[in-house]
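Undergrad: I have a structure I would like to understand better, so I am pasting it below and will then ask my questions one at a time.
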Amino acid sequence: MPGFYGTEIASPLMLGTAQSPSPAILAEAFRRSGAGIATVSVRREAGGERAGADFWALIRDLGVRVLPNTAGCHSVREAVTTAQMARELFDTDWIKLEVIGHADTLQPDPFGLVEAARILTTEGFQVFPYTTEDVVLAERLLEAGCEVLMPWGAPIGTGLGLTNVYGLRTLRAQFPDVPMVVDAGLGLPSQAAQAMEMGFDAVLLNTAVAKAGDPAAMAEGFARAVEAGRLARAADPMEPRDMAAPSTPVVGKAFLE
Amino acid sequence: MKITVNGAATEVAATTLAAILDELGYGGAKVATAVNEAFVPAAARADLALCPGDRLEIVAPRQGG
């Protein structure tokens, strides 16, 4: 698979760290998922609280690469400042750029996203923009310096899967060489397999694992699904057809009336 | 002077950002800072004097999706 900004990824599964029932379950979910990348965030800390240090220790023990996000940011300024703080805290140029434009759907603000991506790229960030399946927006993000795209499957936290398969297929086909991660909206392993079968390079999920009754088992389910999808893609699937075609040879069938 | 720290009105005696962080109990903590919505790198904290009314944000690593 293509690398993300030159970094080869062992597993096409990327996992969020939020909403887990406990740190122990989070660690077990990561172990069984085989995920090599964890998304993280920055949030306010009170004096003497030291929760950040505790969380950071947990993440370091996972032995994964971190992808900080700008979750919850609604303006370019807010997203850029958050990215700058995240870079210092996590010591990485990677940033999952979220500029949210709509409260109910958490849909990206395409205009703010492109502007923030341009600023951050200029400052040396390696931007992973949380975007939609819009091909024009994708083109603008690539022009802004993004080398990876993260189109949504469905709105964050919905678990609806790939709600616009046609749009995602078009996006994939338009930019065949750009590494793409389906981010957000996945609820089931079959949906992750579908994304991989369509040629996406990775999937990123959080709620689907964290809110499952058994998060670690669900993490393993997703791990197997992305592997199945990746194998299927590489194996060059058959073309679907409308009319039936017998798979058992017709010639040689006994004549029995 | 009175400043706003993470959204709450706060009285501080110190003036530089580094000293204010110490005064508020962040000494040695893994935090990043912004003043009036602009990022302030850790290396710049000792030389940055805050003014009354400044808005200081102090963040740390957290879970994220």
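Chains as they are written, first to last, in our numbering: chain A, 17 to 273; chain B, 3 to 67. Every residue, glycine too, gets a C-beta built ideally from N, C-alpha and C.
Which residue's Cα is closest to the Cα of Thr33(A): Pro265(A), Val181(A), Leu78(A) and Ala26(A)?
TA: Checking every option, the nearest Cα to that of Thr33(A) belongs to Leu78(A).
Undergrad: Please state if the CB of Ala62(B) and the CB of Arg59(A) are separated by a distance shorter than 8 Å.
TA: Against a cut-off of 8 Å, the Cβ pair of Ala62(B) and Arg59(A) comes out as a contact.
Undergrad: Which of the residues in the region 21-38 of chain A, read from start to end, lie with their CB under 8 Å from any CB of chain B?
TA: Those would be Gly32, Thr33, Ala34, Gln35 and Ser36, in chain order.
Undergrad: Would you mind telling me which residues of chain B sit closer than 7 Å to Phe71(A), beta carbon to beta carbon, in chain order?
TA: The contacting residues are Pro63, Arg64 and Gln65.
Undergrad: Determine the burial state of Ala209(A): buried for a count of at least 16 other Cβ atoms within 10 Å of its Cβ, exposed for fewer.
TA: By the neighbour-count rule (16 or more Cβ atoms within 10 Å), Ala209(A) is buried.
Undergrad: Between the region 37-48 of chain A and the region 91-103 of chain A, are three or more C-beta pairs nearer than 8 Å?
TA: Not touching, per the Cβ criterion.
Undergrad: Using beta carbons (cut-off 8 Å, strictly below), is Thr174(A) in contact with chain B?
TA: No, Thr174(A) lies away from the interface with chain B (no Cβ there is under 8 Å from its Cβ).
Undergrad: If we cut at 8 Å on Cβ distances, does Leu113(A) have a partner in chain B?
TA: It does not: the Cβ of Leu113(A) has no partner Cβ on chain B nearer than 8 Å.
Undergrad: Can you look up Ala26(A) in the DSSP assignment and give me helix, strand or coil?
TA: Of the three classes helix, strand and coil, the one that applies to Ala26(A) here is coil, per DSSP.
Undergrad: Please list the partners that Met214(A) has in chain B, where partner means a Cβ-to-Cβ separation under 9 Å.
TA: Ordered by position in chain B, no residue passes the 9 Å Cβ test against Met214(A), which lies about 22 Å from the chain.
Undergrad: Along the region 24-44 of chain B, where does the CB come closer than 8 Å to a CB of chain A? Name the residues.
TA: Taking 8 Å as the Cβ-Cβ cut-off against chain A, the residues of the region 24-44 of chain B that qualify are Leu26, Gly27, Tyr28, Ala31, Lys32, Val33, Ala34, Thr35, Ala36, Glu39, Ala40, Phe41, Pro43 and Ala44.
Undergrad: Any Cβ of chain A within less than 8 Å of the Cβ of Tyr59(B)?
TA: It is worth fixing the name first, because residue 59(B) is Glu in this sequence and not Tyr. Judged by the 8 Å Cβ criterion, Glu59(B) is in contact with chain A.
Undergrad: Which chain B residues are close to Ser57(A), counting only those with a beta carbon under 7 Å from its beta carbon?
TA: Within 7 Å Cβ-Cβ: Arg64, Gln65 and Gly66.
Undergrad: Can you tell me where the alpha helix (DSSP H) holding Leu153(A) begins and where it ends?
TA: It spans Val151 to Glu159 - the alpha helix (DSSP H) in which Leu153(A) sits, taken as one unbroken run.
Undergrad: Please tell me whether Val56(A) and Pro28(A) are closer than 8 Å, where the distance is taken between their beta carbons.
TA: No; because the gap between Cβ atoms is not below 8 Å, this pair is not in contact.
Undergrad: Is it true that the region 234-248 of chain A meets the region 13-21 of chain B, where meeting means three or more beta-carbon pairs spaced less than 8 Å apart?
TA: The region 234-248 of chain A is not in contact with the region 13-21 of chain B.
Undergrad: On the DSSP bridge assignment, give the partners of Asn180(A) in chain order.
TA: In DSSP, Asn180(A) forms no bridge with anything.
Undergrad: Please report whether the beta-carbon of Ala67(A) lies at a distance below 8 Å from any beta-carbon of chain B.
TA: By this cut-off, Ala67(A) is an interface position.
Undergrad: How about the region 226-236 of chain A and the region 191-202 of chain A: do they share at least three Cβ pairs that are nearer than 8 Å?
TA: No, they do not touch.
Undergrad: Counting pairs of beta carbons, one from the region 58-77 of chain A and one from the region 45-53 of chain B, are three or more of them closer than 8 Å?
TA: With the cut-off at 8 Å, the region 58-77 of chain A and the region 45-53 of chain B do not touch.
Undergrad: What is the residue span of the alpha helix (DSSP H) that Leu136(A) lies within?
TA: From DSSP, the alpha helix (DSSP H) with Leu136(A) extends over Pro126 to Thr138.
Undergrad: Expressed to the nearest angstrom, what Euclidean distance is found between the alpha-carbon atoms of Lys269(A) and Leu204(A)?
TA: For Lys269(A) and Leu204(A), the distance between alpha carbons rounds to 43 Å.
Undergrad: Return the CA-CA distance between Ile135(A) and Phe141(A), expressed in angstroms with no decimal places.
TA: One C-alpha to the other measures close to 9 Å.
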